[in-house]
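So the sequence lines, in the order shown, correspond to chains D and R.
Numbered per my numbering, the first sequence spans residues 1 to 276.
Numbered per my numbering, the second sequence spans residues 1 to 333.
Ideal placement from N, C-alpha and C gives every residue a C-beta, glycine not left out.
One structure below.
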Amino acid sequence: MTTTPPSTHGLARPEQVRRRDVVRTLVGVSALNELQYRVNFFLQLFQSLVALATAIAVVALVFLYTPTLGGWEPWELMVVVGVHTALGGVIRSVIQPSMQLLMEDIREGKLDFALTKPVDAQLLVSLRRITVWPLVDVVVGFGVVVVASTRIDSATVPGALLALVAVLLGAVMIYCLWLVITTGAFWIVRMEHVAELFNGLYQAGRWPIGLFPGWLRLLFTVLVPLALAVTLPSEALTGRAGLLAVGGATLFTAALVAFTRWFWRLGVKSYAGASA
Amino acid sequence: MDVTGLGKTYKVPVREAGLKAALKSLVRREHREVHAVSDLSFSIERGEMVGFLGPNGAGKTTTLKMLSGLLHPSSGQARVLGYEPYRRDRNFLAQITLVMGNRNQLQWDLPVVDSFEMNRAIFGIARPDFEATRDELIDLLEIGHLVTKPVRNLSLGERMKAEICGSLLHRPQVLFLDEPTIGLDVTMQKRIRTFLAEYNARYGATVMLTSHYMADVTALCKRVIVIHHGKLLYDGPLSELAERFETSKTIGVTLAEPDRDLSGYGEVVAVDGARVTLRVSRAEASTVAARLLADLQPTDLTIEDPPIDDVIERVFATPDEPGSAQPTGKQRG
Chain D
1 MTTTPPSTHG LARPEQVRRR DVVRTLVGVS ALNELQYRVN FFLQLFQSLV
51 ALATAIAVVA LVFLYTPTLG GWEPWELMVV VGVHTALGGV IRSVIQPSMQ
101 LLMEDIREGK LDFALTKPVD AQLLVSLRRI TVWPLVDVVV GFGVVVVAST
151 RIDSATVPGA LLALVAVLLG AVMIYCLWLV ITTGAFWIVR MEHVAELFNG
201 LYQAGRWPIG LFPGWLRLLF TVLVPLALAV TLPSEALTGR AGLLAVGGAT
251 LFTAALVAFT RWFWRLGVKS YAGASA
Chain R
1 MDVTGLGKTY KVPVREAGLK AALKSLVRRE HREVHAVSDL SFSIERGEMV
51 GFLGPNGAGK TTTLKMLSGL LHPSSGQARV LGYEPYRRDR NFLAQITLVM
101 GNRNQLQWDL PVVDSFEMNR AIFGIARPDF EATRDELIDL LEIGHLVTKP
151 VRNLSLGERM KAEICGSLLH RPQVLFLDEP TIGLDVTMQK RIRTFLAEYN
201 ARYGATVMLT SHYMADVTAL CKRVIVIHHG KLLYDGPLSE LAERFETSKT
251 IGVTLAEPDR DLSGYGEVVA VDGARVTLRV SRAEASTVAA RLLADLQPTD
301 LTIEDPPIDD VIERVFATPD EPGSAQPTGK QRG
């Protein structure tokens, strides 16, 4: 039996173009809508500044008693604070909202609609909800990193470029982590508290990973690559990590992406097999 | 659309009530197989509108999910537009739509038009085509004033119309509609019905419709497929459903002189002044009618099948024994 080619109406454009269009439309639509709520911008700015002030106060407090912390000097630690703030903004703006929506949809059986669309379901569920205002944190965090690095002798331009790559890797790692956890909702129904658990863990990323005891370091690097996501960019910028470390992180991220994809597909398969 | 021996079996954990059983199930979980759908076969021609009937839990939604690619059949085979649905081929998905009356797929916080825009991107519809179809559908459904509102501000009926509009922007060839009018008032049901008939006529789309409102089915579908306990019970014209399952007919007589006892002719169902409604067995209907005409010289007499709702009720009351199911073999296409 022959298959019926699609009508000329749908899928009028090649896969690649469509995929890009989907990303652009999803991002554009959510962003434009949220931009209407200007008051949220001021709330977020206020929140970001308070969070930043708290972080600085903690760092200042620590350095009242010691000149360096595990080899990190005050301005170097501020780089960690900046990266942590910026990545936190990316998480709360781009990653977490869609993942929470996905969790709800899996629980309520509404994922059906994402699975009956002629586009990659992972792409669709990962970009469905974007909140723009937490991006203020990205700007604030980036500002902190810039200010701090002008006061660090070891900061170089190649180091900064490596740090940029590491930040991107970090964002991808955290996305994967979130998707893996969320995919767990296919089997475990009650996953609502995962966001709080994650945010709690993310707080640990405020400190350079080297400060933790060995077993925690391992946990935060391999199992929950949170600290790795924050520390590596800071290490790259302050000349502690070089090309080799960032290369290693690239491989690790690639493996994580592949695993996440596999795990997601497994989840979808089990969803299709079990839902009534 | 061809379905042969389609079946879906779920494996569900079972345990008895009580703490002891709960603890036991933690260690060793027992499973029971539930045959949601078994050995279902039918085929539907392109452009046909078919009513898919069955009581709650009959396996309607499971079947629709298998046909739209959401569920992997446990046995048998389904082919829709030449594709095997569970493979979820993009070319297949671009030509179908699944609408579920109790779930919404538009973005809750966004204006309706933005959700439409997302569908445009997802289905890769060329801009001019998209705009033409969108405006046409908005016009047909009369939702022009609603589309700029966020979905959460719409009433149930308005939302359903917006849902249907959004699901048809890519002009699907096959529509799976699961209770599209559930919870809507009569006017709204009617409007959606008219729209579906119009869409079917305009684009020659195949429609498979489940509904608890028989009015939807009688208005739209000449043919019905009835399933019960996951098995095919009837497949054929809606008009013959009564013949197969209904053992009685309804005779309405308007008497020249009221207040006469007609219980001797059949079961008196209703008396409204001079108008009496009787239920008699199918086989005797014409004899009883002749006797009534001869004995009473009524001013009016009608013989009808009982209301379709009653017929359906009777169909579903059919006991679940293999021998009692009467698949007709009346499969077309």
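Neighbourhood of E192(D) by C-beta distance below 8 Å, restricted to the same chain and skipping five residues each side: Position 192 of the first sequence, counted from the first residue, corresponds to residue 192(D). So the list reads M103, once near-sequence residues are dropped.
Check whether G51(R) and C221(R) have beta carbons under 8 Å apart: Reading the second sequence from its first residue, position 51 is the one you call residue 51(R). Reading the second sequence from its first residue, position 221 is the one you call residue 221(R). Yes, Cβ-Cβ distance for G51(R) and C221(R) is below 8 Å.
Cutoff 8 Å: V62(D) Cβ touching any chain R Cβ: Reading the first sequence from its first residue, position 62 is the one you call residue 62(D). For V62(D), the answer is no, since every Cβ of chain R falls outside 8 Å of its Cβ.
CB contact check: R92(D) to chain R, cutoff 8 Å: On the first sequence, position 92 is the one that residue 92(D) refers to. For R92(D), the nearest beta carbon of chain R is not closer than 8 Å to its own beta carbon.
Beta carbon proximity, N33(D) to chain R, threshold 8 Å: The residue labelled residue 33(D) in the question sits at position 33 within the first sequence. By this cut-off, N33(D) is an interface position.
Every unbroken alpha helix (DSSP H) within the region 83-145 of chain D, with a cutoff of 4 residues, ordered by chain: Within the region 83-145 of chain D, the runs of alpha helix (DSSP H) that reach at least 4 residues and sit entirely inside it are, in chain order, 96-107, 112-115 and 121-126.
Cross-chain neighbours of P134(D) in chain B, by beta carbon under 9 Å: Of the chains in the structure shown, none is chain B; the protein chains are D and R.
Three CB pairs or more closer than 8 Å across the region 108-115 of chain D and the region 233-248 of chain D: With a cut-off of 8 Å, the region 233-248 of chain D and the region 108-115 of chain D do not count as touching, because too few Cβ pairs lie within range.
Per-residue contacts from L93(R) into chain D (C-beta, under 7 Å): Locating residue 93(R) in the second sequence gives position 93, where the first residue counts as 1. Neighbours of L93(R) in chain D, taken as residues at a C-beta separation under 7 Å, are given in chain order as T116, K117 and P118.
Contact with chain D by A22(R), beta-carbon distance below 8 Å: Stepping through the second sequence from its first residue, residue 22(R) is reached at position 22. Judged by the 8 Å Cβ criterion, A22(R) is not in contact with chain D.
Limits of the unbroken alpha helix (DSSP H) element including Y203(R): The residue you call residue 203(R) lines up with position 203 of the second sequence. Where Y203(R) is concerned, the enclosing alpha helix (DSSP H) stretches over V186 to Y203.
For L106(R), the three-state DSSP class (helix, strand or coil): Taking the second sequence and counting its residues from 1, the one referred to as residue 106(R) is at position 106. If DSSP states are grouped into helix, strand and coil, L106(R) belongs with coil.
Beta-carbon proximity of H84(D) to V230(D), cut-off 8 Å: Indexing the first sequence from 1 puts residue 84(D) at position 84. Indexing the first sequence from 1 puts residue 230(D) at position 230. Going by C-beta atoms, H84(D) is nearer than 8 Å to V230(D).
Sub-8 Å separation of V112(R) and V147(R) beta-carbons: Against the second sequence, residue 112(R) aligns to sequence position 112. Against the second sequence, residue 147(R) aligns to sequence position 147. In this structure, the beta-carbon distance from V112(R) to V147(R) falls below 8 Å.
Beta-carbon neighbours of T25(D), restricted to chain R and to distances below 7 Å: Within the first sequence, residue 25(D) is the residue found at index 25, counting from 1. The answer, in chain order, is E117, M118 and A121.
3-residue-minimum beta strand (DSSP E) runs that sit fully inside the region 18-88 of chain D, ordered along the chain: Annotation: the region 18-88 of chain D contains no complete segment of the beta strand (DSSP E) (minimum length 3 residues).
Close-in-space but distant-in-sequence residues of the same chain around Q77(R) (CB under 6 Å, 5 per side omitted): As a position in the second sequence, residue 77(R) is number 77, starting the count at 1. Beyond the five residues adjoining it in sequence on each side, Q77(R) comes within less than 6 Å, by CB distance, of T4 in the same chain, given in chain order.
CB contact below 8 Å: R261(D) versus chain R: Stepping through the first sequence from its first residue, residue 261(D) is reached at position 261. Taking a beta-carbon distance threshold of 8 Å, R261(D) does not count as an interface residue toward chain R.
Under the three-state DSSP convention, the category I44(R) falls into: Position 44 of the second sequence, counting from 1, holds the residue named residue 44(R). Here I44(R) sits in coil by DSSP.
Residues within the region 124-144 of chain R neighbouring chain D, beta-carbon criterion of under 8 Å: G124, I125, A126, D129 and T133: these are the residues of the region 124-144 of chain R whose beta carbon lies less than 8 Å from some beta carbon of chain D, given in chain order.
Beta-carbon proximity of T133(R) to R171(R), cut-off 8 Å: Along the second sequence, one-based indexing puts residue 133(R) at 133. Along the second sequence, one-based indexing puts residue 171(R) at 171. Between T133(R) and R171(R), the gap from beta carbon to beta carbon is short of 8 Å.
Endpoints, beta strand (DSSP E) assigned at Y83(R): The sequence position of residue 83(R) within the second sequence is 83, counting from 1. That residue, Y83(R), is in no beta strand (DSSP E); it is neither H nor E in DSSP.
Local conformation of I122(R) per DSSP, three classes: Your numbering for residue 122(R) matches position 122 in the second sequence. Annotated three-state conformation of I122(R) is helix, per DSSP.
Cβ neighbour criterion (16 or more within 10 Å) applied to I188(D): The count along the first sequence starts at 1 and reaches residue 188(D) at position 188. Classification of I188(D): exposed, given that the 10 Å Cβ count is below 16.
N- and C-terminal bounds of the alpha helix (DSSP H) containing F176(R): Position 176 of the second sequence, counting from 1, holds the residue named residue 176(R). Bounds of any alpha helix (DSSP H) do not take in F176(R); it lies within the beta strand (DSSP E) bounded by V174 to D178.
Option nearest L209(R) by Cα separation, candidates R282(R), A201(R), R88(R) and V226(R): Numbered from 1 along the second sequence, position 209 holds the residue referred to as residue 209(R). Shortest Cα-Cα distance from L209(R) to any of R282(R), A201(R), R88(R) and V226(R) involves V226(R).
Exposure label - L6(R); buried when at least 16 CB within 10 Å: Counting from one through the second sequence, the residue named residue 6(R) turns up at place 6. Buried.
Counterpart residues of P237(R) in DSSP-defined beta bridges: The residue given as residue 237(R) occupies position 237 in the second sequence. Beta-bridge pairing links P237(R) to R223(R).
Pairwise C-alpha distance: T131(D) and P97(D): Locating residue 97(D) in the first sequence gives position 97, counting from the first residue. Locating residue 131(D) in the first sequence gives position 131, counting from the first residue. Straight across, the Cα-Cα distance linking P97(D) with T131(D) is about 7 Å.
Classification of R151(D) by the beta-carbon crowding that lies within 10 angstroms, buried from 16 upward: The count along the first sequence starts at 1 and reaches residue 151(D) at position 151. It is exposed - the Cβ of R151(D) has fewer than 16 other Cβ atoms within 10 Å.
Run of the alpha helix (DSSP H) containing I308(R), from where it starts to where it stops: Within the second sequence, the letter at position 308 stands for residue 308(R). First-last of the alpha helix (DSSP H) with I308(R): I308 to F316.
Cβ of S155(R) within 8 Å of any chain D Cβ: Numbered from its first residue, the second sequence carries residue 155(R) at position 155. Not closer than 8 Å to any Cβ of chain D, the Cβ of S155(R) fails to qualify, so no.
Cβ neighbours of Q16(D) in the same chain (closer than 7 Å, five flanking residues each side left out): Locating residue 16(D) in the first sequence gives position 16, where the first residue counts as 1. Within the same chain, Q16(D) has no close Cβ partners at all.
For Y10(R), the three-state DSSP class (helix, strand or coil): Sequence index remark: in the second sequence, residue 10(R) carries index 10 (1-based). Three-state DSSP puts Y10(R) in a strand.
Nearest candidate by alpha-carbon position, reference L101(D), set L124(D), V80(D), G89(D) and V81(D): As a first step, residue 101(D) is located in the first sequence; it is residue number 101 there, counting from the start. Closest by alpha carbon: L124(D).
Pick from D21(D), L232(D), R217(D) and V22(D) that is closest to V167(D), judged by C-alpha positions: Taking the first sequence and counting its residues from 1, the one referred to as residue 167(D) is at position 167. Checking every option, the nearest Cα to that of V167(D) belongs to L232(D).
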